[in-house]
Amino acid sequence: MNPLRDTRDARLPRVAGPCAVVLFGVTGDLARKKIMPAIYDLANRGLLPPGFGLVGFARREWADEDFAQEVHDSVREHARTPFREEVWRQLSQGIRFVAGDLADPQAFDRLRETVHSLDAERGTLGNHAFYLSIPPGLFPTVVSQIQQAGLAKKPPGAWRRVVIEKPFGHNLASAEELDRVLADVFAPDEIFRIDHYLGKETVQNILAVRFANEMFEPLWNSRYVDNIQITQAEDIGIGGRAGYYDGIGAARDVIQNHLLQLLALTAMDEPLSFDPRQVRQEKEKVLAAVTVPRDIDLHTARGQYATGWQGGVPVFGYLEEPGIPADSTTETFAAIRVDIDNRRWAGVPFYLRTGKRLGRRVTEVAVVFKRAPHLPFASTSVQELSDNALVFRIQPDEGITLRFGSKVPGVSAMEVRDVTMDFQYGDSFVDTSPEAYERLILDVLLGDPPLFPQAREVDLSWRILDPVLDRWSESGRPATYASGGWGPASAYEMIARDGRTWRRP
Ligand SMILES: NC(=O)c1ccc[n+]([C@@H]2O[C@H](COP(=O)([O-])OP(=O)(O)OC[C@H]3O[C@@H](n4cnc5c(N)ncnc54)[C@H](OP(=O)(O)O)[C@@H]3O)[C@@H](O)[C@H]2O)c1
3 MNPLRDTRDA
13 RLPRVAGPCA
23 VVLFGVTGDL
33 ARKKIMPAIY
43 DLANRGLLPP
53 GFGLVGFARR
63 EWADEDFAQE
73 VHDSVREHAR
83 TPFREEVWRQ
93 LSQGIRFVAG
103 DLADPQAFDR
113 LRETVHSLDA
123 ERGTLGNHAF
133 YLSIPPGLFP
143 TVVSQIQQAG
153 LAKKPPGAWR
163 RVVIEKPFGH
173 NLASAEELDR
183 VLADVFAPDE
193 IFRIDHYLGK
203 ETVQNILAVR
213 FANEMFEPLW
223 NSRYVDNIQI
233 TQAEDIGIGG
243 RAGYYDGIGA
253 ARDVIQNHLL
263 QLLALTAMDE
273 PLSFDPRQVR
283 QEKEKVLAAV
293 TVPRDIDLHT
303 ARGQYATGWQ
313 GGVPVFGYLE
323 EPGIPADSTT
333 ETFAAIRVDI
343 DNRRWAGVPF
353 YLRTGKRLGR
363 RVTEVAVVFK
373 RAPHLPFAST
383 SVQELSDNAL
393 VFRIQPDEGI
403 TLRFGSKVPG
413 VSAMEVRDVT
423 MDFQYGDSFV
433 DTSPEAYERL
443 ILDVLLGDPP
453 LFPQAREVDL
463 SWRILDPVLD
473 RWSESGRPAT
483 YASGGWGPAS
493 AYEMIARDGR
503 TWRRP
């Protein structure tokens, strides 16, 4: 038997051991909408131990009860599972609050006292996860405060973990600097970088479909695949997030992390096992083989959404959004072609695109196959036949679609047209899928890192994107595109140059 294979019964739920989560940024959007509700959902599913504590940190003059009320309200509004009084009572007994600024060392002294007394009162055994749901510019401050206050020192047998949210740097140099800051205080296996896409069931299913079945993998190469299109589209604008978004833009916000992770899972070779080191090794290998075409202008596209209408409602253009400078060059749409220089994928372009205010909200990975080498039908009979495609529908309509040609019934001529076969999660599985954050937070508490990108993967992704971003920074204002459409004209032109078209999701 392979010693790397996990021998635990995967069907048994794994419950976190005693621990405390220290959550920085509890007044933020992410904490209120995702993190605190996910913690409750885990408790509701019986996956948190009785000895669990949650310590909030924020610049508010709140008592423990005020913070508990905030958690309660966010759970009531955003939790996936039903509210149960007895679960809430148990969870709320472990809720504490520390008021302070992240730059204030005395606040971290108070934090240390609070977690130590929580350890004693709730039996959390000195195991602490620090969740940094704060602006990335503050990561170095907080990591150094944690160290200065002695919070990174662990008693024998206890663990320390730090969780950070994207963006992991702004480019390769700043990502490496962040790696250094974190590595000064935490060991690599204590650092958890959240890419919430990896917590999605539909994303993990890419590996299951590829490696648990015999019928796909033989086709998964340049002999049969013509191109792969990975799309993440939103039908909304930036909302109230001007401060976060401007200067970052679509490529840094989505391609650097989510889309390149989807590419890695779609293109990687089979790992020896699902041991985190093995999966990571294969992802790193394929990311290291990714190249961007030399003429970046011809093979990438970017744009900003224009003032217009969407769904019958007038909408602002990006430059008119509150808080966005009128001369901003930040892109709200980005598309790039990349290639993978290895035997499996030589000659198969991967097209990645993401944008705001596009035709619909959808994330999908489409594997588009080559045309049959010979069609023994009259050319008029196959006019409506497009390429075969296997589409992983990541969200919101989770499932898989297979598109292939089929005879139109009833007509005497052999007329062939596209049909689809659909797998929908809701039809095959009774339980609703857990939120990505439930899975990821539980994995942090279990110390299970397969779904978290490591420093090298992040650095490799920046290595792919940096030349594109550098080129774009020299080429002025992006073109605009109509809200509700599928991006600027340059996006259509870049793929047309290769003799292909974008899929309409
Ligand atoms: N929202 C999302 O969907 C999303 C998705 C992916 C990644 N992220 C990442 O997740 C993190 C949090 O995002 P967010 O949207 O929740 O951000 P946010 O709404 O801007 O919240 C940031 C939090 O940091 C706190 N904070 C800022 N400066 C502070 C200081 N000096 N002292 C104490 N607290 C301070 C804020 O507290 P105050 O209320 O006192 O200002 C607030 O609670 C960021 O790294 C972001 O890039 C967010």
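Offset between the sequence shown (1-based) and the working numbering: plus 2. The beta carbon of each residue, even a glycine, is placed where N, CA and C say it ideally should be. The structure displayed is predicted, hence computed values, not measured ones.
Quick one: using the 10 Å Cβ neighbour count with 16 as the cut-off for buried, is residue i buried or exposed?
i           : result
residue 5   : Because the pLDDT of residue 5 is 41, which lies under 50, any placement of that residue in the model is unreliable, and the number read from its coordinates should be weighed accordingly. Result: exposed.
residue 119 : exposed
residue 428 : exposed
residue 434 : exposed
residue 311 : exposed
residue 528 : Outside the shown range of the chain (3 to 507) lies residue 528, about which nothing can therefore be said.
residue 376 : exposed
residue 86  : exposed
residue 46  : buried
residue 490 : buried
residue 150 : exposed
residue 7   : Residue placement at residue 7 is flagged as unreliable, the pLDDT there being 49, under the threshold of 50; a coordinate-derived value is accordingly withheld.
residue 106 : exposed
residue 479 : exposed
residue 156 : exposed
residue 117 : buried
residue 180 : buried
How is the alpha helix (DSSP H) around residue i delimited, first residue to last?
i           : result
residue 423 : Here residue 423 belongs to no alpha helix (DSSP H); instead the beta strand (DSSP E) covers 418 to 426.
residue 247 : 244 to 247
residue 280 : 278 to 290
residue 44  : 38 to 46
residue 439 : 438 to 448
residue 213 : 203 to 214
residue 495 : 491 to 498
If you reduce the DSSP assignment to three classes, tell me which class residue i lands in.
i           : result
residue 464 : helix
residue 95  : coil
residue 315 : strand
residue 337 : strand
residue 15  : coil
residue 130 : strand
residue 69  : helix
residue 547 : Within the shown structure, residues of the chain are numbered from 3 to 507, placing residue 547 beyond reach of any answer.
residue 228 : strand
residue 139 : helix
residue 59  : strand
residue 155 : coil
residue 388 : coil
residue 241 : coil
residue 234 : strand
residue 358 : coil
Have a look at residue i and residue j and give me their C-alpha separation to the nearest angstrom.
i           : j           : result
residue 140 : residue 385 : 57 angstroms
residue 499 : residue 409 : 32 angstroms
residue 407 : residue 379 : 12 angstroms
residue 299 : residue 21  : 51 angstroms
residue 59  : residue 317 : 36 angstroms
residue 23  : residue 127 : 12 angstroms
residue 104 : residue 62  : 12 angstroms
residue 281 : residue 73  : 35 angstroms
residue 290 : residue 417 : 45 angstroms
residue 82  : residue 203 : 15 angstroms
residue 64  : residue 28  : 12 angstroms
residue 381 : residue 501 : 20 angstroms
residue 315 : residue 235 : 19 angstroms
residue 401 : residue 367 : 11 angstroms
residue 422 : residue 337 : 27 angstroms
residue 413 : residue 383 : 11 angstroms
residue 3   : residue 278 : Note that residue 3 has pLDDT 39, beneath the 50 cutoff, so the model's placement of it is unreliable and the number below is only indicative. The straight-line gap from Cα to Cα measures roughly 18 angstroms.
residue 240 : residue 57  : 30 angstroms
residue 362 : residue 486 : 7 angstroms
So residue i and residue j are in contact, right, with Cβ under 8 angstroms, and what is the actual spacing, rounded?
i           : j           : result
residue 269 : residue 342 : 6 angstroms
residue 273 : residue 286 : The Cβ separation is near 11 angstroms, so there is no contact.
residue 369 : residue 391 : 7 angstroms
residue 247 : residue 483 : 17 angstroms between Cβ atoms; not a contact.
residue 359 : residue 238 : 7 angstroms
residue 346 : residue 223 : 5 angstroms
residue 192 : residue 164 : 6 angstroms
What residue range is occupied by the uninterrupted beta strand (DSSP E) comprising residue i?
i           : result
residue 397 : 391 to 397
residue 377 : Premise fails: residue 377 is in no beta strand (DSSP E) and is neither H nor E.
residue 22  : 21 to 26
residue 116 : Where residue 116 is concerned, there is no enclosing beta strand (DSSP E), although the alpha helix (DSSP H) it sits in stretches over 107 to 124.
residue 163 : 162 to 167
residue 366 : 364 to 371
Does ligand 3 have a heavy atom nearer than 7 angstroms to the CB of residue i?
i           : result
residue 405 : Only ligand 1 can be found as ligands here, which leaves ligand 3 out of the picture.
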